[in-house]
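Participant: Residue numbers (the working numbering), protein chains in the order written: chain L, 1 to 113; chain V, 1 to 111. Take a look at this one; I'll ask things after.
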């Protein structure tokens, strides 16, 4: 069982829809992450939050909008996505120091019609 | 040159055999190293951190060679359940605890 919980597990949406992905952890981690993973590729970092503040945005298109309401929650708001955005979206968390491993949620599999 | 490189495999391993594979990294300032395993259509799961002195966890042994800039993973007495993609992950120490992933090494353990 993963200690990072993501909802929903699967999401199908049209290109004009607005939806949100949610991530929650209760391990006391102060760093949280969003990754995108395409089939047969490693995860690609999208955003990093450290102490609830956005610290890294890997030049992600503005149709993806992250939000960190508190130290346990991380959201990813989606709007006007493209078919190429279909992927597995993974949330991770870690202690905020630089030498700590990240723990991943089981992901949201997103399909854009 | 990629920052973190792995042989994609697949490594076809008879059950009970030993398999080992490496991962090279380009940034000599890299500070921490990890092996994750990922099963098909699942999330990456931390297998082990890799320490300078080398470390072992059951059938798994990880080594770090800073001089040659590579880490290795050795699996002894392979089980069918060890079939997975093994991701080499490096933290170069940049602000924000950013991890860089290798492309993964696929291991198939066969009876």
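The beta-carbon is built from N, C-alpha and C at its ideal position, and this holds for glycine as well.
What residue range does the beta strand (DSSP E) around residue 5 (chain L) cover?
Facilitator: Taken as a continuous stretch (DSSP letters only), the beta strand (DSSP E) holding residue 5 (chain L) covers 4-7.
Participant: For chain L, check one thing: does any of its Cβ atoms lie closer than 7 Å to the Cβ of residue 9 (chain V)?
Facilitator: No, residue 9 (chain V) does not count as interfacial toward chain L.
Participant: Quick one: is residue 154 (chain L) buried, meaning 16 or more other Cβ sit within 10 Å of its Cβ, or exposed?
Facilitator: What the structure shows of chain L is the stretch from 1 to 113, and residue 154 (chain L) is not part of that stretch, so it cannot be assessed.
Participant: Alpha carbon to alpha carbon, how far is residue 99 (chain V) from residue 34 (chain V)?
Facilitator: Going by the C-alpha atoms only, they are around 10 Å apart.
Participant: Looking at residue 35 (chain L): is its Cβ nearer than 7 Å to the Cβ of residue 42 (chain L)?
Facilitator: No.
Participant: Three or more beta-carbon pairs under 8 Å between the stretch 54-63 of chain L and the stretch 57-76 of chain V, yes or no?
Facilitator: With a cut-off of 8 Å, the stretch 57-76 of chain V and the stretch 54-63 of chain L do not count as touching, because too few Cβ pairs lie within range.
Participant: Please name the residue in L:51, L:86, L:85 and L:56 whose C-alpha comes closest to that of residue 95 (chain L).
Facilitator: Residue L:51 is the option with its Cα nearest to residue 95 (chain L).
Participant: Taking residue 111 (chain V) as the query, report the chain L residues whose CB atoms sit under 8 Å from its CB, ordered along the chain.
Facilitator: Within 8 Å Cβ-Cβ: nothing; residue 111 (chain V) doesn't reach chain L, min ~25 Å.
Participant: Using a cut-off of 9 Å between C-beta atoms, extract the partners of residue 90 (chain L) located in chain V.
Facilitator: Within 9 Å Cβ-Cβ: 43 and 44.
Participant: Would you kindly report the start and end of the unbroken beta strand (DSSP E) that includes residue 53 (chain L)?
Facilitator: It spans 53-57 - the beta strand (DSSP E) in which residue 53 (chain L) sits, taken as one unbroken run.
Participant: Anything in the stretch 75-91 of chain V with a Cβ closer than 7 Å to a Cβ of chain L? List those residues in chain order, please.
Facilitator: Result list: 87 and 91.
Participant: Alpha carbon to alpha carbon, what distance is there between residue 73 (chain V) and residue 26 (chain V)?
Facilitator: Cα-Cα distance, rounded: 18 Å.
Participant: Measuring only the C-alpha atoms, how far is residue 20 (chain L) from residue 90 (chain L)?
Facilitator: Each residue's Cα considered, the two are about 13 Å apart.
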